[in-house]
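Enquirer: Protein chains in written order, with our numbering: chain S, 1 to 801; chain C, 1001 to 1337.
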Amino acid sequence: MKASLNWTKEYVNLEGIPVQEIIDKLTMSGLEVEDFVNQQEIYKDFVVGLVTSKEKHPNADKLSLCKVNTGSEELIVVCGAANVASGQKIVFAPVGTIIPLSGMKLGRAKIRGVESFGMICSEAELGLGNDASGIMVIDKKLKEGTPFSKALGFDDVILEIAITPNRPDALSHIGIARDLAAIFNRELKYPELKIDEAKDEAKNYASIEILDTKNCPRYSSRIIRNVTVKESPEWLKSKLTKIGLRPINNIVDVTNFVMNELGQPLHAFNLDQLSGRKIIVKSTKEKMKFTTLDSKDRELPSGTLMICDGEKEVAIAGVMGGENSEVTSETKNILLESAHFNPSHIRKVSKALGLNSDASYRFERTVDPNNTDYAVNRASMLIAEVSGGEILKGLIDVYPEKIKEKEVQLRFARVKKVLGYEIPKESINKILNKLGLKTILQSQDEIRLQVPTYRPDLEREVDLIEEVARIYGYDQIPAVPKITITLEKKYDESVFTDEIREIATGLGLYEILNNPLIDERSASFDGRPIKILNPQSVDMAYLRTSLIPGGLIVAANNINKGEKNLSFFEIGNIFNKISENEINSFEDFIEERRLLFILTGKERKKKWNSTEKVVDFFLLKGLVDSFITKFSLDNVLNDSYYHSGNRNFAYYFTKNLKEKVIGLGGKVSKDVLKQYDIDQDVYCFELYLEELKEIQQRKKFYSLPIKFPKVVRDFAFILDKYITYEELINFIKAEGSNLLNNVKLFDLFENESIGNDKKSMAFSLEYQAKDRTLTEDEVEKEFLHLIKLIEKKFNAKLRGI
Amino acid sequence: MLTKEIQHVKEESEKDFSSVDNPKELEELRIKYLGRNGILVQLFEELKKVPKEDKPAVGKNLNELRNLLTEKYNLLKTDLEKTDDTSEEKIDLTLPGTIRTIGSKHIIIQTLDEIKSIFKGMGFSVFEGPELESDYNNFEALNFPPNHPARDMQDTFFVSEKFLLRTHTSPVQIRVMERFKPPVRAIMPGVCYRNEAINPRSYCVFHQVEGLYIDTDVTFAELKGTLVSFAKQFYMDDLKYRFRPSFFPFTEPSAEMDITCFICKGKGCRICKNTGWIEILGCGMVDPNVFNYVGYDSEKYTGYAFGMGIERTALLKYGIDDIRKFYENDLRFLKQF
């Protein structure tokens, strides 16, 4: 909310307190001053100037040379505005002034060969508006040399205050003044009411009926007759302009003024447009269309609270008035509305319509139900003053059931228990009283207070403790330098992923983090994606079902930037719908954590001492296996290999726990790569961490390394090409005696010389016993036996030993 | 007689070994003294002839000589072989070494780790919770009534009327309190979502760490003490701080913690919007309504909660100019951390 400090000072005397202190204390009491403009400061160098002559610039058609009398001297100024003329009073910025619009210091400058000693300013340059079309011409009566801020009343401090949703009372100048009164221990002064009423009674000119008292507990109104709708006087326009409101006419301006003064939104109806001179407050029974005063057609849902006259709707209650009853320059008689509406209803309507007005903003945060009369009186008084109208006798006030002030008890001991600091009882009392709470009972240990209805946020003891603390000052409460550590069982649910990160980075991978919100096609990668009802864009309309698409996008972006050799990992959650049903419980979807490895380009570039190595399937597989081994799961999991069956991969493999797949990946298919504009091979693998976590073998036991020597034997076979490594290795492991401790494939080749349908595989075998040194003969016997078995089983030919 | 001989051999060998300067000569000396027909073997032959009563003393002398010679030989052998190396062709030692790639954790995760480790040191547990949450856990149980303007503070992505992407890690508070009885002292890191305009200062996805401590005598003063200690460990030891009243539906009293802007040291700059202060977290005493939702006795227990955004923290700490860079995953960015 924008607030003027000068305006605020009309309700609280802040004499002797420096501006900066006011600002700091406001912030430190919960009304955060996000920004402020000290006009006196920024306009300190600007003065009223008189243009004494205007000539054409000798070297430029669009520029003119003006002589400006600044009160103390006459200076030559080059001016580019078309509207500058001799005899005008203008705002003059001498050399050295900082121009608010640009923040730059004005220097002495030669413009097209002529030296200029200052600037004649436009509204925009002064930061007062958007008008940059010409210079700002001011009142002729102002004397040249007068400081600009003084001459035009720009000697205010405009505060931009962030008001939290619990403080509707602070959405007004009086509310801010009330906090200041409490902070600085000063008196709060409400504006005095002086109403001259006409003899005619208001109730004879209009009637008010509330049919929905739940959503409209109170409706107060006044009738003002014979108004002249016109431009507002200078004081009123200036007040509104300063807080960023555009003056409209004297009637609307007064309603805006009072809203910003007291926090009560008001609406002025053209009484003569109200059929039957009636106001009926009721909710719509069905959907309907309605034109609001901004000339927009709105579709209203059924159940919308409306202000109606004898036959039609004239306003959306608490949100915006209708075009059909708007105050125009012809309006003579007005009915002024000052009502209280149910906050949650107003919010619902405002949300449904996507229409957020200054009024609805306040109503949905709660407006004081017991101040509608005061506000309407205050507004009537001002309208009569600025429009010449007469206020009819009496207030029409429908308030079937008074909303009462709450009573809250506060125990002094509880203040200390919550804050950890003892605030003196007198201070507690004084602070709460200054904020408008009445002490109705007081004892040694506690007080009972009546809370004004403008503070709907104060309902419980703890709410009062906060009030006391924030005004007393949070900085008065010490930060204790000692804490006790309770010894309940400690948990760390992030240990598992932490460990994975250590391993993955050790494997040379860089971690990436992706937005789980993604486009529909990417999101459909591995299941039924969940749709966002209110997405920001189609690119982020679904939740991912796999980490792979995000990884591919990252790969594509990096490749485009010239980084073609990539090895990344990501740990993140994926989301999958279980059925087509709408998500109404945690059983309707799965959220689980996955780990992605993604590799592309060269694993190793060519170096002076090594050849290059391009990423391939076996690098990926090896990476996955290294990872699995680190978790001691290499004997628990098994692999399956596929050349078809998954549109996302050219070929792939899975890691399985018995029959259950707990990880899948391989070479990404060309179709998928094309979708992400990638024209190099990409390999990736996704591990399902929830499953992995279940079987993770936490306990590690030491086993003694075998101390007897190994005997190593090699053999190579020529066999049919279609026999897989897996078949062979499983056979060797199964048949190769219990002395065979380790087998490694160390060579593989296919060549015409051995036949087109053949391949050669060479293995290295390690024999070792736990309890003795093996003899050469013993090993030789086992070795030769194995060779025979292989030859027989696979029809293989021994190529060498 | 033999004793004299031993002494003589000792002196002679000393001369011999001291003048040796290549492996060939050393080998000759080995044969001369330690060889199969060398002097030592001959001396041991002589020992047999020594009278019985003198044998132990002479034998001892002879053994000492053998040990001395063996040791000398071994020493010279390693020495001379080492010297041998330098005569090899000199390789260019300035050639680049073979680099091993060590990857890195994402800077957000590193920042999170650092925060986690500070709080774990103060006795906090670590809990996690789901990102797709119920409206109940994310809002209602945290004292955000339906149709309350407080909900506007957190623009929400919905997947249905009752389910949403969590807007903060605070729903994990509810989960933890439903699971355990006090005392509860935990932090809860995780991914959160807000339907906010994407720009250099805000992105629709971010990480948060939530903290919670509930026991019989937890106070606002202790909350301040704990967070000040955290900030000093995490940012800098000599920082200035302030706690500013604020509003969160699930805490009362509520505060925001500011620390002196470490870019301008409090003088005012673009980062701190000329205030000299930087907001680092939100906190407060757990609202009794929240206790009522999870079935804690709000008269008996008090507690505090706090929450901070990790991206924002990392932006400040590492001088990163645009929050979106965290999610671009540019290798040149990732490699810097």
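We treat Cβ as the ideally placed atom computed from N, Cα and C, and that holds for glycine.
Keep in mind it's a predicted model, so treat the numbers as computed, not measured.
#1: Residues of the region 22-47 of chain S in Cβ contact with chain C at a cutoff of 8 Å, in chain order, please.
#2: Work out the CA separation of C:D1238 and C:C1264 for me, nearest whole Å.
#3: Under a three-way DSSP split, which group does C:W1277 fall into?
#4: Which of helix, strand or coil does DSSP assign to S:K710?
#5: Provide the residue(s) that pair with S:V334 in DSSP beta bridges, ordered along the chain.
#6: Does the beta-carbon of S:A504, which I'm using as the reference point, lie nearer than 8 Å to any heavy atom of the ligand ADP?
#7: Applying a beta-carbon distance threshold of less than 8 Å, which residues of chain S neighbour C:N1143?
#8: Sort out for me which residues DSSP pairs S:N656 with in a bridge.
#9: Among the residues of its own chain, which have a CB less than 6 Å from the CB of S:E750, if the five just before and after it don't count?
#10: Look at S:G71 and S:G153 and say whether their C-beta atoms are less than 9 Å apart.
#11: Around the C-beta of S:I161, are 16 or more other C-beta atoms found within 10 angstroms, so that it is buried, or is it exposed?
#12: I'd like to know if C:S1229 contacts chain S, where contact means its C-beta is closer than 9 Å to some C-beta of that chain.
#13: Would S:A796 be called buried (16 or more neighbouring beta carbons within 10 Å of its own) or exposed?
#14: Within 10 Å of its beta-carbon, does S:K788 have 16 or more other beta-carbons around it, so buried, or fewer, so exposed?
#15: To which residues of the same chain is S:L395 closer than 8 Å at the C-beta, ignoring the five residues directly before and after it?
#16: Considering only the alpha carbon of each residue, which of S:R225, S:E73, S:F257 lies closest to S:L240?
#17: Could you tell me the distance, in whole angstroms, from the CA atom of S:P709 to the CA atom of S:E776?
#18: Thinking C-alpha only, which one of C:E1089, C:D1258, C:E1053 is nearest C:C1283?
#19: Within the 9 Å Cβ cut-off, does S:T453 reach chain C?
#20: Compare the beta carbon distance of C:A1314 and C:I1107 with 9 Å and say whether it is the shorter of the two.
#21: List the residues that DSSP assigns as beta-bridge partners of S:V672.
#22: Based on the DSSP secondary-structure assignment, which residues constitute the bridge partners of S:E511?
#23: Please state the DSSP three-state secondary structure of S:K307.
#24: By DSSP, does S:H643 sit in helix, in strand, or in coil?
#25: At the level of alpha carbons, what is the spacing between S:D156 and S:W235?
#26: Just how far apart, CA to CA, sit C:T1302 and C:T1216?
#27: Got a sec? Which residues, its chain only, sit under 7 Å from C:K1072 by beta carbon, not counting five neighbours each side?
#28: Using the DSSP secondary-structure output, state which residues sit across from S:L159 in a beta bridge.
#29: Establish whether the CB of C:K1325 and some CB of chain S are separated by less than 9 Å.
#30: Could you tell me the boundaries of the beta strand (DSSP E) in which C:T1207 lies?
#31: Quick one: which residues of the region 1213-1228 of chain C get their C-beta closer than 9 Å to a C-beta of chain S? List them in chain order.
#32: Quick check for students: name the residue ranges of the beta strand (DSSP E) that lie wholly in the region 364-426 of chain S, counting only runs of 3 or more.
#33: In this structure, does DSSP put S:F597 in helix, strand or coil?
#34: Using a 10 Å radius around the Cβ and a threshold of 16 neighbouring Cβ atoms, would you call S:F746 buried or exposed?
#35: What separation, rounded to the nearest whole angstrom, lies between the Cα atoms of S:D196 and S:I208?
#36: S:V774 CB to nearest chain C CB: under 9 Å?
Expert: Let me spell this out:
#1: T27, M28, S29, G30, E32, E34, D35
#2: Here residue 1264 of chain C corresponds to residue number 264 of the second sequence, with the count starting at 1. Here residue 1238 of chain C corresponds to residue number 238 of the second sequence, with the count starting at 1. Each residue's alpha carbon lies about 15 Å from the other.
#3: Counted from its first residue, the second sequence places residue 1277 of chain C at position 277. In the structure shown, C:W1277 sits in a strand (DSSP, three-state: E or B).
#4: To locate residue 710 of chain S, count along the first sequence from 1; it is residue 710. DSSP places S:K710 in coil when its eight states are reduced to three.
#5: Counting from 1 along the first sequence, the entry for residue 334 of chain S is found at position 334. Note that residue 334 of chain S is Ile in the sequence shown, not Val. Paired residue(s): S:I224, S:N270.
#6: Looking at this structure, you won't find the ligand ADP or any other ligand, since it has none at all.
#7: Within the second sequence, the letter at position 143 stands for residue 1143 of chain C. The premise fails here: C:N1143 is roughly 11 Å from chain S at the closest Cβ pair, so nothing lies under 8 Å.
#8: Numbered from its first residue, the first sequence carries residue 656 of chain S at position 656. Note: S:N656 sits in a beta bridge opposite S:N638, S:V661.
#9: Your numbering for residue 750 of chain S matches position 750 in the first sequence. Closer than 6 Å at Cβ, skipping near neighbours: K759.
#10: As a first step, residue 71 of chain S must be located in the first sequence, where it is residue number 71. As a first step, residue 153 of chain S must be located in the first sequence, where it is residue number 153. Contact flag unset, no.
#11: Walking along the first sequence from the start, residue 161 of chain S turns up at place 161. So S:I161 ends up on the buried side.
#12: Position 229 of the second sequence, counted from the start, is the residue given in the question as residue 1229 of chain C. Yes, C:S1229 lies at the interface with chain S (some Cβ there is under 9 Å from its Cβ).
#13: Indexing the first sequence from 1 puts residue 796 of chain S at position 796. Counting the other Cβ atoms within 10 Å of the Cβ of S:A796 gives 16 or more, which makes it buried.
#14: Locating residue 788 of chain S in the first sequence gives position 788, counting from the first residue. Flag for S:K788 reads exposed.
#15: For the purposes of this step, residue 395 of chain S is identified with residue 395 of the first sequence, where counting begins at 1. Excluding positions up to five away in sequence, the list reads A202, S220, S221, R222, D373, V376, N377.
#16: In the first sequence, the residue the question calls residue 240 of chain S occupies position 240. The shortest Cα separation from S:L240 among S:R225, S:E73, S:F257 belongs to S:F257.
#17: Translated into the one-based positions of the first sequence, residue 709 of chain S becomes position 709. Translated into the one-based positions of the first sequence, residue 776 of chain S becomes position 776. Cα to Cα, S:P709 sits roughly 12 Å from S:E776.
#18: As a first step, residue 1283 of chain C is located in the second sequence; it is residue number 283 there, counting from the start. Of C:E1089, C:D1258, C:E1053, the residue nearest in Cα terms is C:D1258.
#19: Counting from one through the first sequence, the residue named residue 453 of chain S turns up at place 453. The beta carbon of S:T453 does not come within 9 Å of any beta carbon belonging to chain C, so the residue lies off that interface.
#20: Translated into the one-based positions of the second sequence, residue 1314 of chain C becomes position 314. Translated into the one-based positions of the second sequence, residue 1107 of chain C becomes position 107. Going by C-beta atoms, C:A1314 is nearer than 9 Å to C:I1107.
#21: On the first sequence, position 672 is the one that residue 672 of chain S refers to. In the DSSP output, where bridge partners are listed per residue, S:V672 has none listed.
#22: As a working note, residue 511 of chain S is residue 511 in the first sequence. DSSP lists S:F569 as partners of S:E511.
#23: The residue given as residue 307 of chain S occupies position 307 in the first sequence. The sequence given here places Ile at residue 307 of chain S; Lys does not occur at that position. Here S:I307 sits in strand by DSSP.
#24: Within the first sequence, numbered from 1, the residue matching residue 643 of chain S stands at position 643. It is coil, neither helix nor strand.
#25: Translated into the one-based positions of the first sequence, residue 156 of chain S becomes position 156. Translated into the one-based positions of the first sequence, residue 235 of chain S becomes position 235. Taking the straight line from one Cα to the other gives about 13 Å.
#26: Working through the second sequence from its first residue, we reach residue 1302 of chain C at position 302. Working through the second sequence from its first residue, we reach residue 1216 of chain C at position 216. Taking the straight line joining both Cα atoms gives about 6 Å.
#27: As a first step, residue 1072 of chain C must be located in the second sequence, where it is residue number 72. Excluding positions up to five away in sequence, the list reads F1017.
#28: Within the first sequence, residue 159 of chain S is the residue found at index 159, counting from 1. BP columns for S:L159 point to S:A3, S:F36.
#29: By 1-based counting over the second sequence, the position of residue 1325 of chain C is 325. Answer no: the Cβ-Cβ gap between C:K1325 and chain S never drops below 9 Å.
#30: Counting from one through the second sequence, the residue named residue 1207 of chain C turns up at place 207. First, the amino acid is wrong: residue 1207 of chain C is His here, not Thr. First-last of the beta strand (DSSP E) with C:H1207: 1205-1215.
#31: Here the close residues are Y1213, D1215, D1217, V1218, T1219, F1220, A1221, E1222, L1223, K1224, G1225, T1226, L1227, V1228.
#32: Segments of the beta strand (DSSP E) lying fully in the region 364-426 of chain S: 390-393, 396-398, 406-411.
#33: Position 597 of the first sequence, counted from the first residue, corresponds to residue 597 of chain S. DSSP, reduced to helix, strand and coil, places S:F597 within a strand of the structure shown.
#34: By one-based count along the first sequence, residue 746 of chain S stands at place 746. So S:F746 ends up on the exposed side.
#35: Taking the first sequence and counting its residues from 1, one reaches residue 196 of chain S at position 196. Taking the first sequence and counting its residues from 1, one reaches residue 208 of chain S at position 208. Going by the C-alpha atoms only, they are around 23 Å apart.
#36: Counting from one through the first sequence, the residue named residue 774 of chain S turns up at place 774. In the sequence as displayed, the identity of residue 774 of chain S is Leu instead of Val. Not closer than 9 Å to any Cβ of chain C, the Cβ of S:L774 fails to qualify, so no.
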